[in-house]
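Here the structure is laid out as C-alpha cells; the discussion comes afterwards.
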Amino acid sequence: MPEPSAGTLIEVSEETASTTAPETKDVRTGRSPGQVAWARLKQDKVAIVCSVIILFFLLVAIFAPLLVSLEAVDPITGAKADVGTVHTELVDFNGLPTVGPSSAHWLGVEPRLGRDLFARWAYGARPSLIIGFVAAFASTLIGVTLGLIGGYLGGASDKFISWVIDFFLSLPILLLVIAIIPIMQKRIAAGGDLTAEETSTIRFVVLIVILVVFGWMGLARLVRGEVKSLREREFVQAARAIGVPTRSILFREILPNLVGPIIVSASIAVPAYITYEATLSYLGAGLVEPTASWGRTIADAQNLFATYPLWLWPSVIGLSLLVLALSLLGDSIRDAFDPTSRR
Amino acid sequence: MLTYILRRMALALSVILATLVSSFLLFFAGPSDPAQAMCPETRCNPARLEAITKSIGLDKPLTEQFFAYFKGLFVGRDFVYAGDTVHCGAPCLGFSFVTRRSVNEELFTRFPNTVVLALMAAVVFVTVGVTLGILAAVRRGSAADRGLVGSSQVLGSIPYYVLALLVALYPVILWNILPQYSSISAGVGPYFMGMLAPALILGLVTSASYVRYTRNSMIETLSMDYIRTARSKGINERVVLFKHGFRAAMSPIATILGLDIAALLTGTLITEQIFGVDGIGRRGLAALKSFDLPVIMGTVLIGAVVVVIMNLVVDIAYSFIDPRVRLS
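If you're matching them up, the sequences are chains Y and U in order. If you number the first sequence the way the working numbering does, the last residue is 868 and the count never jumps. If you number the second sequence the way the working numbering does, the last residue is 559 and the count never jumps.
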C-alpha cells in the first residue's frame, strides 16, 4: 500500500473503498481523494455561499453590457448610459453630479466626467476576474513545473531553481512591479502614437505577464519541498528500485499526492492576483483609463469619499466581497482536501 | 554550523549582487532613452539631456556605467550637474535629477520612519497573532476558536489597502478618533500617536494570518505521538503546551516570519501611501509619478537588501531552533 496518501486512504476506505489501491480485491466502489474533497465541499455551507457570490460577479462581468442596457434613457442627455461616454452636462462647474441615482443611472454618475457609475462598476468586474484567473493558471503551471524539476532532480538544477526562488522572493515585488510596468509600457509603445484604448490594452497584458513572472515562487517552493520529501519515501524508492521510468514516477507516483496542495494554491492565488491588480491600479501602476477598474475607481473616489460616497462604496464592496468569497472558497477547498480536518 | 552560516551568507550575497545587476539593467538599459527618462520635464531640452548624460556617463559603455555605480556603493561618488557638485557618500545609490539631491539624502532620511512603522506593526502582529493562535488551538472547536478563525479569515481576505484606506478615511480623517501622521520634528509624542493608526491596522491585518499559522502549527504539534506520550507520563499540561508543544510549533512560524518580511515591506509601502507616513515606500511612489528612476532604483535596492538580510537572520536563527536544517 503506498504510504504517502495514507491519511486519505484510511479515510476513503472508512467511507467506502479505495480506487488508488487496485491490488486490493475490494469490489466496493471507491472514490478518489478529489471526489472525496468534492463531496465534502458540497456539504460546506460557507463554500456554497461563496460560490454563489462568485457566480454572481461572473454573471455581472459576462453580462455587463446587457445589465447596463436595462437602465432607462437619460432625460437630460436623451441617450442610454454606457461605460465610456463622458457626459459633462450631468456635472456642475465644481465637477459634482447634478443628478442622483435614478432609473437612468442606478448608482448615479461619476463626478467630473459624468459617466454612468453602474456601468463603470459592472464593467469593472471584468479585468479583476480575467487577471485573477489567467494569472493564477499561468503561475500554477510554472510553479509546479519548476518545483517538480528542482525537488526531484536535486543537485545543480535544484540549487539553481532554489536560488532563483530565493532571489525572486527577496525582491520588493510591489515596488519593482510598479517600476517595471511603465518602463515596459514605454518600450512597447515606443513605436508610435497609440490611442488611449490601445495603451490600456497593452497595460492590461503587461500587468498579467508581470504578475505571473513574480507570482510563481510560493507554489514552486511548496512543490519542491513536498517532492524532496516524497522522493525519499518508501513507495517512491520502491518504484525506482523496480525500474519505473522517471516520468512515471513524477506524474503517477508523486504528482497525485500534490493535487490537493496545487488546487488549494491555485484557488488561493486567484483572489491574491485580484488584490494585486486592484492595489496596483489604486497606486497608479495598474490599469489605466478608459478601462473600468475597481482599484482605479477607489483611488479616484477617495478624495470625495465624504461628499460623494456612492462613488467609492460600490467598488469597495464589490472588490472586498469578490476577494473575500474567493479566499474563503479557497480555504474551504483546502479543508476539503485536508484529510486531517474531518468534520 | 560555521559552514552552514558561510554558505548561507554567500547565497545572500549572490542574491544582492543579482538584484543590483538586474535593477541596474532595468533602469539604465530598460528605457529606450535613459537620459530622457530621467529628465524631470516631459519635453527635455538638448542642453539638459547633455548635462544628465555627462553627469552619470550615459554615453559610456554599459559596463563602465555599472562599475561607476558599483564603485560609488563603496567609496561614494560626486555628481556634477547644472553647475553644482553634489557629493554622495558611500553607499552611494545615485543622484535624483528631479530634486537635484543624492538618492541617499532622499531615502536614508526617510528610512527610520519605515522602520518604526514596520517594527510597531511587527510588535502588534507577533503578540496578537501568536497569543490568539495558541488560544484558538488550545480551545479547538469552541465558540472562541471559531470566532477567532472566522474573523481572522475575513480580515485577512479583504484586500489590505481597502481596509487601510477605510481606516484612514473614516476614523482618522473624518471622525478624528486617531490622530493623523505628523513628522518627528513636530514632537516625539504626536509622532508616535500618528504612527498608531497605520501601525495598528497593518499589525492587526497581518496578525490574521499569524493566528491561523500558529493555530494550525500548534494543533499539528499537539496531535503528535510525543505529546501524547508526555501527557500520558502525567506531565503538567502547561509544560506540555509550552515546553513540548510551543517550541516545536514555533519553527514553521519563524520561517513564515522570515518570508513575510517582503510582505511586510509591501504592507508598509501601501500603509505609508495611504496614511501619508513619510517613509521610503511613499518616496518611491512619489518618484514613480515624476519618473525619477534613480530614486526608484534606490528604493528597490534598499528593499531587496533588507529582505535578504532578514531572511539570512531568520535562516540562521532557524538552524538553531531546528538542527535538522543544518544537516540537509
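Just so you know, even glycine gets a beta-carbon here, dropped at the ideal spot from N, CA and C. As the structure is a prediction and not an experimental result, all values here were calculated from the model.
Exposed unless 16 or more other CB atoms sit within 10 angstroms - verdict on residue i
i        : result
Phe551/U : exposed
Thr345/U : buried
Ala831/Y : exposed
Val731/Y : buried
Gln827/Y : buried
Glu778/Y : buried
Asn407/U : exposed
Pro590/Y : exposed
Gln568/Y : exposed
Val479/Y : There is no way to answer for residue 479/Y, as the model of chain Y reaches only from 526 to 868.
Arg308/U : buried
Val577/Y : exposed
Leu621/Y : exposed
Gly314/U : exposed
Asp825/Y : buried
Asp617/Y : exposed
Residue i: first and last residue of the uninterrupted alpha helix (DSSP H) it sits in
i        : result
Asp691/Y : 680-694
Val354/U : 342-369
Val813/Y : No alpha helix (DSSP H) contains Val813/Y, which DSSP labels as neither H nor E.
Asn447/U : 419-453
Val795/Y : 780-808
Asn335/U : 334-339
Ile706/Y : 698-713
Ser388/U : 374-388
Arg728/Y : 721-738
Minimum C-alpha distance to residue i - residue among the options
i        : options                                : result
Ala606/Y : Leu736/Y, Gly639/Y, Glu759/Y, Pro622/Y : Gly639/Y
Gly288/U : Leu233/U, Phe259/U, Phe473/U, Cys275/U : Phe259/U
Gly649/Y : Met742/Y, Leu847/Y, Ala797/Y, Leu666/Y : Leu847/Y
Trp563/Y : Val784/Y, Ile578/Y, Leu595/Y, Thr832/Y : Val784/Y
Tyr807/Y : Thr816/Y, Ile587/Y, Ile823/Y, Pro796/Y : Ile823/Y
Glu337/U : Leu516/U, Leu280/U, Val539/U           : Leu516/U
Asn782/Y : Thr800/Y, Val608/Y, Val752/Y, Leu849/Y : Val752/Y
Ile858/Y : Leu829/Y, Pro839/Y, Trp838/Y, Pro786/Y : Pro786/Y
Leu293/U : Pro265/U, Leu386/U, Ile547/U, Val347/U : Pro265/U
Val393/U : Tyr833/Y, Gly768/Y, Leu805/Y           : Leu805/Y
Cys323/U : Tyr300/U, Val329/U, Thr340/U, Tyr235/U : Tyr300/U
Leu379/U : Ile511/U, Ser438/U, Val354/U, Gln504/U : Ser438/U
Asp641/Y : Leu666/Y, Leu615/Y, Ile656/Y           : Leu615/Y
Gly381/U : Thr602/Y, Phe862/Y, Ser852/Y           : Ser852/Y
Thr330/U : Asp523/U, Phe339/U, Val436/U           : Asp523/U
Pro652/Y : Ala817/Y, Ser557/Y, Leu837/Y           : Ala817/Y
Ile655/Y : Gly633/Y, Leu755/Y, Ala764/Y, Phe729/Y : Phe729/Y
Thr414/U : Val545/U, Val347/U, Lys474/U, Val508/U : Note that residue 414/U is Ser in the sequence shown, not Thr. The option with the nearest alpha carbon to Ser414/U is Val508/U.
Leu699/Y : Leu409/U, Pro421/U, Gly534/U, Arg239/U : Gly534/U
Gly843/Y : Phe662/Y, Thr670/Y, Gly633/Y, Ala647/Y : Ala647/Y
Asn295/U : Arg341/U, Val398/U, Val252/U           : Residue identity check: residue 295/U is Glu in the sequence provided, not Asn. Measuring from the Cα of Glu295/U, the nearest candidate turns out to be Val252/U.
Beta-carbon proximity list for residue i, same chain, < 8 angstroms, skipping 5 on both sides
i        : result
Phe326/U : Ser286, Ile287, Phe310, Tyr312, Val317, Cys319, Arg332, Ser333, Val334, Pro525
Ile527/U : Phe258, Gly515, Ala518, Leu519
Leu386/U : Leu394, Leu435, Val436, Ala439
Chain-order list of residues whose beta-carbon lies under 7 angstroms from that of residue i (same chain, five-residue window excluded)
i        : result
Ile674/Y : Ser682, Ile686
Ala660/Y : Ile733, Leu736, Val737, Gly740, Tyr798
Thr358/U : none
Ser792/Y : Leu854, Gly855, Ile858
Unbroken beta strand (DSSP E) run spanning residue i, endpoints
i        : result
Phe310/U : 308-312
Cys270/U : Taken as a continuous stretch (DSSP letters only), Cys270/U belongs to no beta strand (DSSP E), as it is neither H nor E.
Val611/Y : Neither: Val611/Y is in no beta strand (DSSP E) and is coded neither H nor E.
Thr316/U : 315-319
Residues near residue i in its chain [Cβ-Cβ closer than 6 angstroms; skip 5 each side]
i        : result
Ala810/Y : Ile703, Ile706
Gly668/Y : Trp741, Leu744, Ala745
Leu433/U : Ala352, Gly498, Thr502
Val531/U : Ser254
Arg513/U : Glu503, Gln504
Tyr391/U : Val436
Ile713/Y : Ile727
Open item on the list: If contact is defined by three or more beta carbon pairs under 8 angstroms, each pair taking one atom from either stretch, is the stretch 442-456 of chain U in contact with the stretch 354-369 of chain U?
Closed with: yes
TODO: Count the C-beta pairs between the stretch 594-611 of chain Y and the stretch 623-638 of chain Y that are closer than 8 angstroms, then say yes if the count reaches three, no if not.
DONE: yes
Open item on the list: Under 8 angstroms: do the stretch 241-251 of chain U and the stretch 578-589 of chain Y share three or more Cβ pairs, one atom per stretch?
Closed with: no
TODO: Could you say if the stretch 480-490 of chain U and the stretch 538-547 of chain U meet the contact criterion of at least three C-beta pairs nearer than 8 angstroms?
DONE: yes
Task: At least 3 beta-carbon pairs within less than 8 angstroms: the stretch 479-486 of chain U vs the stretch 447-462 of chain U - done: Contact between the stretch 479-486 of chain U and the stretch 447-462 of chain U is present: 3 or more CB-CB pairs across the two stretches fall below 8 angstroms.
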